[in-house]
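Here's the structure we're looking at; comments come further down.
Given below as structure tokens:
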């Protein structure tokens, strides 16, 4: 290959990363754990309608643990939670899991088919289970009971379900243990079984606003004593709790009484102390039940995931010294431990999502499951990493050569607040843009909005950057990862701060001579869709196109239409209803919809219970198609966040077509754009 790059206009570079590749390229690896000595994980299979298979690596390679067709997934709080648990340290004892279609709890033993443990609901999905623990001959877990498939009305209990399967036919065998709050996590049982802990919160709080750490004694008859609050309360969010492994009765809690999610020890008498106080986050927003960032190990140390804006895996000793693994990963998710080793999903700007196994004994981090050269997960006969820790696969994934090198930047908003962004410049190994031309840029607004984006190798982003389109991913005020004060910048200002910060990022790139001021587009899904629409209404001269995925748009109706978990979310983002009715009207993206002149594409799943299709329809009713060019693609069978590869590919092709028309370039291969 020549060292001299050929010159083509930005947006027109030929790329081997097609929409189909990007759609299936980043395997959705989640919910890591151990089954005996084997590391297991759930993996979303887009080409099987988004089924979530439970996979593992053995000495022979990667295989699916359960018989074909089982879907390991729970719909608790709609965003889900930890859906499976090994019953012991012995693989022969099997595991329990929630099956996606009916949401029933099942038990599986090697060599047999799964059998149900929980009774059927009045309709498939009425009873949902997550976040399991073993107590004697029972599974203790969170059960959610929803009134209908919209999940707008729900009740939650900690329950005990017999492992012998008797409750599958006799619902009375399910014992209700506690219902202290409207929302709860699953139970954490103290070693020895004497006490149990869980987190709880109530409307109107979200779990990053206010939660309480509850502890109750386990009585001789298996019921619970009176629960007591051990940590948390108004303005403090405990986001995780786990017991020490040494029998001391210490409970480790990740909480933010000082404005940062730090690790605290809660003694048996209720006293608390911070173990590693520093202005970093040792936890995240609890969007999914059962997430863990602090893992007690058998030697008395803690494996912790920590950082500001990015994450590292480290070991926190009893002396308070924190030692990080020497691994380049900048994001760690879905961590689990067998007491000695840590398994997790790791990624970085140079690494797509990968299941890894970290061993504190020698400091090693070994690959368990990595992407293939086509961007898919490796086949079952792929060799494991060798004993010397050498690279597990001889070839480098081909599309990664087309991935850009991103970097961080912090701009200042008009009111002097920091705006953190990730910049992904256009990159191609063989092409560059003309010297007198600046590239178009996409402004990405992440969902949540109490969430964040990750500075990692991402096939969807590479789909654009490898064609000569830059991307700036905005961590607008309200994002997680930068402490409570940064999160609180969005309180009562959703539709204002996020919009201003996205504009700050775009203008920052323009001022630095990085982006073409006449070729800026914005892209967002869910809460990011709200920001995208609000941005093209508020800044009609800044953005030339917008891609809007399954958005929130009408806050008043969304309160009534969305599911229970987020039905009071807007109390914090905008204000209590109806006291803040003026703000609801003022901050809604629909308020100035008649000002929109920016072409856009709207993409919506018809089975979405979080942001129902009616939200998108209200925008389209206010848009004159003769004045504003737009397209709307809807997808049967898709909910909140597209799971099918055909849907994702069709959406990406629609985006590229929009950007080509609005930003003035000709793609190397004209994308087709027909929904599936």
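Numbering (our numbering), first residue to last: 1196 to 1871. From the three backbone atoms N, C-alpha and C, an ideal C-beta is built for every residue, glycine too.
Does the Cβ of residue i have 16 or more other Cβ atoms within 10 Å, making it buried, or fewer, making it exposed?
i	result
residue 1415	exposed
residue 1825	buried
residue 1602	exposed
residue 1618	buried
residue 1679	buried
residue 1232	exposed
residue 1542	buried
residue 1278	buried
residue 1325	buried
residue 1675	buried
residue 1438	buried
residue 1781	exposed
residue 1822	exposed
residue 1761	buried
residue 1318	exposed
residue 1801	exposed
residue 1430	exposed
residue 1516	exposed
residue 1861	exposed
Name the DSSP bridge partner or partners of residue i?
i	result
residue 1953	Nothing can be reported for residue 1953, as the shown portion of the chain is limited to 1196 through 1871.
residue 1510	1498, 1518
residue 1680	In the DSSP output, where bridge partners are listed per residue, residue 1680 has none listed.
residue 1471	In the DSSP output, where bridge partners are listed per residue, residue 1471 has none listed.
residue 1851	Residue 1851 pairs with nothing; no bridge assigned.
residue 1228	1235
residue 1447	1437, 1460
residue 1606	1614
residue 1665	1636
residue 1476	1502
residue 1526	1542
residue 1626	1201
residue 1301	1292, 1311
residue 1423	1410
residue 1670	1615
residue 1484	1276
residue 1537	1532, 1553
Start and end of the beta strand (DSSP E) containing residue i?
i	result
residue 1394	1390-1396
residue 1617	1613-1619
residue 1292	1290-1293
residue 1777	Note, residue 1777: premise wrong, no beta strand (DSSP E); alpha helix (DSSP H) at 1776-1782.
residue 1639	1636-1640
residue 1357	1349-1357
residue 1401	No beta strand (DSSP E) holds residue 1401; DSSP gives it neither H nor E.
residue 1284	No beta strand (DSSP E) contains residue 1284, which DSSP labels as neither H nor E.
residue 1563	1559-1564
residue 1407	1407-1412
residue 1837	First-last for residue 1837: undefined, no H or E at that position.
residue 1796	1795-1800
residue 1491	1489-1491
For residue i, I'd like the list of residues in its chain whose CB is within less than 6 Å of its CB, leaving aside the five on either flank, ordered along the chain.
i	result
residue 1419	1372, 1373, 1411
residue 1409	1375, 1393, 1395, 1422
residue 1742	1718, 1796, 1850
residue 1655	1217
residue 1469	1457, 1459
residue 1744	1720, 1724, 1798
Name the two residues that bound the continuous alpha helix (DSSP H) containing residue i.
i	result
residue 1654	1654-1660
residue 1810	1808-1815
In its own chain, which residues sit with a C-beta less than 7 Å from the C-beta of residue i, not counting the 5 before and 5 after it?
i	result
residue 1596	1624
residue 1632	1204, 1205
residue 1784	1690, 1725, 1728, 1729, 1732, 1748
residue 1613	1605, 1607
residue 1758	1273, 1345, 1346, 1347, 1804, 1805
residue 1281	1228, 1229, 1230, 1290
Quick one: is residue i near chain B, going by C-beta distance under 8 Å?
i	result
residue 1694	Here there is only one protein chain, and chain B is not present.
Below 8 Å CB to CB, which residues in the same chain sit around residue i once its five sequence neighbours on both sides are set aside?
i	result
residue 1193	With the chain covering 1196 to 1871 only, the question about residue 1193 has no answer from this structure.
residue 1449	1433, 1434, 1435, 1436, 1456, 1457, 1458, 1459, 1477, 1478, 1488, 1489
residue 1737	1698, 1701, 1702, 1715, 1730
residue 1493	1440, 1534, 1535
residue 1777	none
residue 1815	1797, 1825, 1827
residue 1428	1405, 1407
Uninterrupted beta strand (DSSP E) stretches inside the stretch 1698-1767 (no shorter than 3 residues): 1715-1720, 1740-1744
Whole runs of the beta strand (DSSP E) within the stretch 1304-1378, excluding any shorter than 3 residues: 1322-1330, 1333-1341, 1349-1357, 1370-1373
Report the residue ranges of all beta strand (DSSP E) runs contained in full by the stretch 1249-1284; include only those spanning at least 3 residues, in chain order. 1256-1259, 1279-1281
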